[in-house]
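In the UniProt record's numbering, the protein residues as written are 1 to 146. Virtual Cβ for every residue (Gly too), placed ideally from N, Cα, C.
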């Protein structure tokens with residue numbers, strides 16, 4: 001099962017960063033790869049099972065479902081319901097941790113998924129750089145302006 005991971009130190013307090021990350025419907029405010037994010041359900045955006053439809057900057061559409069949200073450990077897990085990507089069983093997790101010595105925040109973003117082995121390395125690299133690393137830069141910029 002292929003995996004990808006990216007992380008960043010965000011120059012903001014953990015409570016501020018977690019408030020942004022846990023908003024399952026707010027992804028387009030900080031993720032540059034996402035042009036628009038619409039919640040499909042009338043449920044609250046922090047409720048497991050909530051579904052969001054992402055209009056990607058490249059014109060593609062991705063539908064994701066919230067699988068877990070834990071305020072105590074500051075982690076959020078979601079899966080892809082449908083997408084143009086040739087993946088199955090896509091499960092990504094964001095973890096938000098305080099850096100107490102500097103009052104900053106560490107954010108880790110990981111994914112594992114199934115796919116045709118011929119595409120595994122390329123997909124993992126693309127998720128790591130185009131989605132996670134770019135997204136973490138966007139998150140840092142967004143949190144800085146709050």
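Exposure of residue i, with buried meaning 16 or more beta-carbon neighbours within 10 Å
i	result
residue 60	exposed
residue 50	buried
residue 37	buried
residue 100	exposed
residue 28	buried
Integer Cβ distance of residue i from residue j, believed to fall under 8 Å
i	j	result
residue 110	residue 93	5 Å
residue 53	residue 63	5 Å
residue 4	residue 124	4 Å
residue 2	residue 140	The Cβ separation is near 26 Å, so there is no contact.
residue 6	residue 91	That pair is no contact at about 16 Å.
Contacts around residue i, its chain only, beta-carbon distance under 8 Å, and the 5 residues preceding and following it disregarded
i	result
residue 75	68, 69, 93, 94, 95, 96
residue 103	13
Sequence-distant residues of its chain with Cβ nearer than 6 Å to residue i (five each side left out)
i	result
residue 135	31
residue 35	55, 57
Cβ-based neighbour list, residue i, same chain, cut-off 7 Å, excluding 5 preceding and 5 following
i	result
residue 46	22, 24, 69
residue 143	10, 12, 16, 17, 20
residue 89	113, 114
* Asked: In chain order, which continuous runs of the beta strand (DSSP E) of length 3 or greater are located wholly inside the segment 48-88?
  -> 51-56, 61-70, 75-82
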